[in-house]
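Residues 5 to 335 in the working numbering are what the sequence shown lists, from first letter to last.
Report on the following structure.
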Amino acid sequence: MKCLRPVLLVGSMLAVCVMAPLAHAQGAPAAAAPAAAHPYLSIEQLRAKYRDPASRFMTIKGVEVHYKDEGPRNAPVLYMVHGSVSTLRTWDVVTARLKSRYRIIRFDIPGYGLSGRISDEVAQNVQPVEIAEGLLDALHVKKVTFVGVSSGGTMGMYLAAKRPELVERLILSNTPSDPVDTSHLVMPKSFVDGIARAKANGGFNDRPYWDEYLGYFAGDPKRISKKTRDEYYDFNRRTPEKYPVALVARIGDGKQAAIEMAKVKAPTFLIWGAADPLLPEIAANHIARYLSNATISRVLMPDVGHYPPLEVGDRFAQLIAAYVEAGTPKL
Numbered sequence: 005m006k007c008l009r010p011v012l013l014v015g016s017m018l019a020v021c022v023m024a025p026l027a028h029a030q031g032a033p034a035a036a037a038p039a040a041a042h043p044y045l046s047i048e049q050l051r052a053k054y055r056d057p058a059s060r061f062m063t064i065k066g067v068e069v070h071y072k073d074e075g076p077r078n079a080p081v082l083y084m085v086h087g088s089v090s091t092l093r094t095w096d097v098v099t100a101r102l103k104s105r106y107r108i109i110r111f112d113i114p115g116y117g118l119s120g121r122i123s124d125e126v127a128q129n130v131q132p133v134e135i136a137e138g139l140l141d142a143l144h145v146k147k148v149t150f151v152g153v154s155s156g157g158t159m160g161m162y163l164a165a166k167r168p169e170l171v172e173r174l175i176l177s178n179t180p181s182d183p184v185d186t187s188h189l190v191m192p193k194s195f196v197d198g199i200a201r202a203k204a205n206g207g208f209n210d211r212p213y214w215d216e217y218l219g220y221f222a223g224d225p226k227r228i229s230k231k232t233r234d235e236y237y238d239f240n241r242r243t244p245e246k247y248p249v250a251l252v253a254r255i256g257d258g259k260q261a262a263i264e265m266a267k268v269k270a271p272t273f274l275i276w277g278a279a280d281p282l283l284p285e286i287a288a289n290h291i292a293r294y295l296s297n298a299t300i301s302r303v304l305m306p307d308v309g310h311y312p313p314l315e316v317g318d319r320f321a322q323l324i325a326a327y328v329e330a331g332t333p334k335l
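In structure tokens, the structure reads:
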């Protein structure tokens, strides 16, 4: 199949990683296409379709956060945070496999999933890590193993730097440590066409776009179920946000991020999809270098792409359990 180099970022594709860490988007907020022009879904419609008995809501720093807290109350806590253009459903398979043995807490980053909208005041005054920190404090959780994929892992590094007594260990998957460069990406024409359609439609990504997106970032596209593809389409046609990435942890120019990463002392396990076109194996080497004061373990999965919990959830769960139980043998 003929491939073309992208001429623009793929919609909101991991663009959150390019912005300033522990800070907010500068300048004017993202322009929103008129809701009537495309089949957008309101937060209320998404909640009616996707909330379930485990769904909980809490207001933290002035924004409503959707979260789930499952598993035995006295078990070790796994705190799971998703990446960009994703939701807490990233962890559905992992949670199903592990919640009988661990207490698993996960949330939708505000602006995504079923969490609420971000006001002007919140966008200007709240740091992303304060949401992750605030939820744990409200739940009176004193110690966690933080598990993050993509920019969710960035959130974990910042939390570990700020609250070392809270983060016992880190498990990071395909997490950036340098400003993200997309210039090397070579996409199939079908994906480039999907990007062009979105540009022509005011940024709206249609259902075929998400097939292309998830297939491109997977080691094996057949592993991404129709259910997952449908969910990505639904959640990413949520009525456009004024501040879509204000509460997503970001690497930015890398200067402050490097300072924060050097503060991390928690043992860290890298579970890396080495078939990731954006952050391949070399990115795992880079993050290990920045986490210079942490003890690093790693597993490379050469057949897996950017979202290992989505693509190989069972394998990912087994690796989490093996690592945690090596350090916490009495469960």
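Cβ coordinates follow ideal geometry from the N, Cα and C atoms, glycine included.
Candidates 155, 158, 137 and 154: closest to residue 148 by CA position: 137
For the putative contact between residue 273 and residue 301, defined by C-beta atoms under 8 Å, what is the C-beta separation to the nearest angstrom? 5 Å
Check each candidate in 216, 264 and 179 and name the one with the smallest Cα separation from residue 311. 179
What separation, rounded to the nearest whole angstrom, lies between the Cα atoms of residue 335 and residue 169? Any reading at residue 335 needs caution, since the residue's pLDDT is 49, under 50, leaving its predicted position unreliable; the model's value is listed next. Spanning the two alpha carbons is a distance of roughly 20 Å.
Which class does residue 70 belong to by DSSP, given the choice of helix, strand or coil? strand
Residue 169, DSSP secondary structure in three states: coil
Which of the three DSSP states is assigned to residue 83 in this structure? strand
Would you mind stating whether residue 116 and residue 91 have Cβ atoms separated by less than 7 Å? yes
Would you kindly work out how many angstroms separate the C-alpha atoms of residue 3 and residue 104, rounded to a whole number? Residue 3 lies beyond the range of the chain shown here (5 to 335); nothing can be said about it.
Let me confirm a value: residue 234 is counted as buried when at least 16 other C-beta atoms fall within 10 Å, else exposed. Which label applies? exposed
Is the beta carbon of residue 119 sitting closer than 7 Å to the one on residue 151? no
Report the partner residues of residue 277 according to the DSSP bridge assignment. 305
Look up residue 177 in the DSSP assignment and say whether it is helix, strand or coil. strand
I need the DSSP call for residue 152, collapsed to helix, strand or coil. strand
Bridge-paired residues (DSSP) for residue 242: 45
For residue 206, count neighbouring Cβ atoms within 10 angstroms of its own Cβ and tell me buried if that reaches 16, exposed if not. exposed
With DSSP as the reference, label residue 208 as helix, strand or coil. coil
What's the C-alpha gap between residue 50 and residue 111? 15 Å
Would you mind working out which of 242, 198 and 282 sits nearest residue 43, comparing C-alpha positions? 242
Cα-Cα, which of 271, 266, 305 and 296 is closest to residue 285? 305
Helix, strand or coil for residue 317, going by three-state DSSP, please let me know. helix
Taking only three categories from DSSP, how would you classify residue 192? strand
Select from 86, 181 and 238 the residue whose C-alpha is nearest the C-alpha of residue 256. 181
Apart from the five residues just before and just after residue 212, which ones in its own chain have a Cβ nearer than 7 Å to its Cβ? 198
CB residue 253 to CB residue 132, shorter than 7 Å? yes
Tell me whether residue 113 sits in a helix, a strand or coil according to DSSP, three-state version. coil
Alpha carbon of residue 245 to alpha carbon of residue 121, nearest angstrom: 7 Å
Is residue 186 helix, strand or coil when you go by DSSP? coil
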